[in-house]
Amino acid sequence: MNENNIETIDMTEMQKGRNNNNEKDNGGLNLSFFDDMENTFNTYRKFCQETRDMVKDAAKNAIAKAGLGHITFSVHNADAFKDSIVNNKLRLRGVTLSGRDETYTYILAIVSRYEDEAEDIFDLDDEDDYDDLDIDEDLDEMSDEIEYPDNVQITLFKYDSVDEVALTSSKYFQYDFEFSKWIPVNVEDISGITAKQESILTGNDKELSRVLSVCIDGLGPMTNKQFENLLAGNKPIIDLYKRTSRFTDIELYDPDTIILIPSMQYEGLSVSYEDGTYRLNSVFLGEVIETVAKIKNIDDIENVLIEMVDKQFYADTIVVTPLSSKAFYVIRSDGASEFFYPADRKKPAPTDEERRIMNEYTKYVNEFYAREVAGGEEEN
Numbered sequence: 034m035n036e037n038n039i040e041t042i043d044m045t046e047m048q049k050g051r052n053n054n055n056e057k058d059n060g061g062l063n064l065s066f067f068d069d070m071e072n073t074f075n076t077y078r079k080f081c082q083e084t085r086d087m088v089k090d091a092a093k094n095a096i097a098k099a100g101l102g103h104i105t106f107s108v109h110n111a112d113a114f115k116d117s118i119v120n121n122k123l124r125l126r127g128v129t130l131s132g133r134d135e136t137y138t139y140i141l142a143i144v145s146r147y148e149d150e151a152e153d154i155f156d157l158d159d160e161d162d163y164d165d166l167d168i169d170e171d172l173d174e175m176s177d178e179i180e181y182p183d184n185v186q187i188t189l190f191k192y193d194s195v196d197e198v199a200l201t202s203s204k205y206f207q208y209d210f211e212f213s214k215w216i217p218v219n220v221e222d223i224s225g226i227t228a229k230q231e232s233i234l235t236g237n238d239k240e241l242s243r244v245l246s247v248c249i250d251g252l253g254p255m256t257n258k259q260f261e262n263l264l265a266g267n268k269p270i271i272d273l274y275k276r277t278s279r280f281t282d283i284e285l286y287d288p289d290t291i292i293l294i295p296s297m298q299y300e301g302l303s304v305s306y307e308d309g310t311y312r313l314n315s316v317f318l319g320e321v322i323e324t325v326a327k328i329k330n331i332d333d334i335e336n337v338l339i340e341m342v343d344k345q346f347y348a349d350t351i352v353v354t355p356l357s358s359k360a361f362y363v364i365r366s367d368g369a370s371e372f373f374y375p376a377d378r379k380k381p382a383p384t385d386e387e388r389r390i391m392n393e394y395t396k397y398v399n400e401f402y403a404r405e406v407a408g409g410e411e412e413n
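Shown next, in the form of structure tokens:
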């Protein structure tokens, strides 16, 4: 390495310069991004502090009334709380807390109410913790004014800890704060999950369980008949998913349509089913740019996915998109791209049609980011 190409900076001298308040900044360096980021995180911190205090006051009172001082409650739905910060205009949102003893599992739902909003719904099955909490990379500008709720409502449930896997067959109770007693309730009325659906969620068919979870998350509670109809209408995709679930996942394209996507977190590919054929799609942010192949046989589409998706790509891969049933295009976060083609192809280059799709995809991505940059500049 040529050391003449390396500039060594004395950070001690730079620190002295930063501490000199009389030093005037020179032009050519805009670091406002870091100021905006700092303001955003300061607002998030204030939001967390206010929510913590609200939850603490409400929970302590409810726990004392119900005589549950011996139970340790912790946050049950951390992802929902994160989403409330990013998506809900700094309105304080309640949380769901859970705790247990040797007999029962307790769920304490603290719900904030605003007069101009519909009723919130807590998902008692959405269990996660702060280990899974990631801050979004793109932080939009936000107001630092926190809105306080008109009121806070508390609901307390308990069910058998021993039988918690079989939730719908457990004994389930709600605490009556007015009369200070536990009242038996029907868990299906609360969760919306039927006994049959619960047996699927806790059963050995992991793919079917995943399909049901995705449908409930996307569409809300549904009857057994509604789920059966959804399964019947998407049988070819579900059959393909069962074969490829090691490296694929499913998502709802619309309320009636399930599609297949790579399980890895990169953009570019989906498989749908229409008019008797599997459609191999080149996609960007959920929008189909081009259907590159129509394949009738499930064995054939499975082999295509194995060749394109069942691979260990670079860690910074952001796009894997098909150009045909035989070739695909990979883009990395630094903008580098690669063309992958079958080993038996005589000429190691895209066909004219593959090149057209590659150019179309690249053009679409570039236009999208150009709009994003232009929008950001207008906001500033």
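For the sequence shown, the residue numbers in this note's numbering are 34 to 413. Cβ coordinates follow ideal geometry from the N, Cα and C atoms, glycine included.
Q) Per DSSP, Pro-295 forms a beta bridge with which residues? A) Under DSSP, Pro-295 forms a beta bridge with Thr-281.
Q. Which one of Val-316, Asn-330 and Phe-317 has the shortest CA to CA distance from Asp-308?
A. Cα-wise, what sits closest to Asp-308 is Asn-330.
Q) In the DSSP assignment, what are the bridge partners of Pro-217? A) Pro-217 is bridged to Phe-206.
**Q.** CB contact flag (Ser-315, Tyr-394, <7 Å)
**A.** Yes, they are a contact pair.
Q: Please state whether DSSP places Lys-79 in a helix, a strand or coil.
A: Looking at Lys-79 - three-state DSSP - the assignment turns out to be helix.
Q) Which term fits Cys-248, buried or exposed, when burial requires 16 or more other beta carbons within 10 angstroms of its beta carbon? A) By the Cβ neighbour-count rule, Cys-248 is buried, with 16 or more other Cβ atoms within 10 Å of its own.
Q. So, do the segment 232 to 242 and the segment 205 to 216 have three or more beta carbon pairs nearer to each other than 8 Å?
A. The segment 232 to 242 and the segment 205 to 216 do not touch, with fewer than 3 CB-CB distances between them shorter than 8 Å.
Q. For Asp-287, which option in Leu-234, Gly-251 and Ser-278 has the closest C-alpha, if you only look at C-alpha atoms?
A. Comparing Cα positions, the closest option is Gly-251.
**Q.** Given Ser-145 as reference, the closest of Thr-136, Arg-133 and Gly-127 once Cα atoms are compared
**A.** Answer by Cα proximity: Gly-127.
Q. So, are the CB atoms of Val-353 and Tyr-299 less than 7 Å apart?
A. Taking 7 Å as the cut-off, the Cβ atoms of Val-353 and Tyr-299 count as close.
Q) The alpha helix (DSSP H) with Phe-260 in it runs from where to where? A) Element bounds for Phe-260: 257 to 266.
Q. Can you name the start and end residues of the beta strand (DSSP E) that Asn-314 belongs to?
A. Where Asn-314 is concerned, the enclosing beta strand (DSSP E) starts and stops at 310 to 317.
Q. Whose C-alpha, out of Ala-407, Val-321 and Ala-360, is nearest the C-alpha of Asn-336?
A. Ranking the options by Cα distance to Asn-336, first place goes to Ala-360.
**Q.** Anticipated Cβ contact below 8 Å, Phe-401 with Phe-317, distance rounded
**A.** 7 Å between Cβ atoms; contact.
Q. Which residues bound the alpha helix (DSSP H) around Arg-243?
A. First-last of the alpha helix (DSSP H) with Arg-243: 239 to 252.
Q | Whole-number beta carbon distance between Val-244 and Thr-281, since they are thought to touch under 8 Å | A | That belief does not hold up - the Cβ atoms of Thr-281 and Val-244 are roughly 12 Å apart, past 8 Å.
Q) Can you list, in chain order, the residues of its chain whose CB lies under 7 Å from that of Phe-373, leaving out five sequence neighbours each side? A) Cβ neighbours of Phe-373 beyond the five flanking positions: Ala-360, Phe-361 and Val-363.
Q: Excluding the 5 residues preceding and the 5 following Met-87 in the sequence, name in chain order all residues of the same chain whose CB lies nearer than 7 Å to its CB.
A: Hits under 7 Å: Leu-125 and Val-185.
**Q.** Cβ-Cβ distance between Phe-67 and Ile-140 below 7 Å
**A.** Against a cut-off of 7 Å, the Cβ pair of Ile-140 and Phe-67 comes out as no contact.
Q) What is the rounded straight-line gap between the Cα of Ala-326 and the Cα of Asp-332? A) C-alpha separation (whole angstroms): 14 Å.
Q: Write down the C-beta distance between Ile-322 and Tyr-397 rounded to the nearest angstrom, noting that I regard them as a contact closer than 8 Å.
A: Confirmed, Cβ separation roughly 6 Å.
Q) Between the beta-carbon of Ile-270 and the beta-carbon of Glu-284, is there less than 7 Å? A) If you check the CB distance, Ile-270 and Glu-284 do not come in under 7 Å.
Q: Alpha carbon to alpha carbon, how far is Ala-407 from Glu-320? Give it in angstroms, no decimals.
A: Cα atoms of Glu-320 and Ala-407: separation of roughly 21 Å, rounded to the nearest angstrom.
Q. Straight-line CA distance for Arg-133 to Leu-101?
A. Looking at the two C-alpha atoms, the distance is approximately 10 Å.
Q) What do you reckon, are the CB atoms on Thr-277 and Leu-338 nearer than 7 Å? A) Yes; because the gap between Cβ atoms is below 7 Å, this pair is in contact.
Q) Which one or two residues does DSSP pair with Asp-193 in a beta bridge? A) Per the DSSP secondary-structure output, Asp-193 pairs in a beta bridge with Tyr-137.
Q | Nearest-angstrom Cβ-Cβ length linking Glu-387 and Ser-358, presumed shorter than 8 Å | A | Going by Cβ atoms, the distance from Glu-387 to Ser-358 rounds to 11 Å, so no, they are not a contact pair.
Q) Excluding the five sequence neighbours on either side, which residues of its own chain have a C-beta within less than 6 Å of the C-beta of Ile-233, listed in chain order? A) Only Leu-241, Ser-242 and Leu-245 meet the Cβ criterion.
Q. So Leu-302 is in the beta strand (DSSP E); what residue range does that whole segment cover?
A. Element bounds for Leu-302: 302 to 307.
(Q) Considering only their Cβ atoms, is the gap separating Glu-148 from Asp-183 smaller than 7 Å? (A) Going by C-beta atoms, Asp-183 is nearer than 7 Å to Glu-148.
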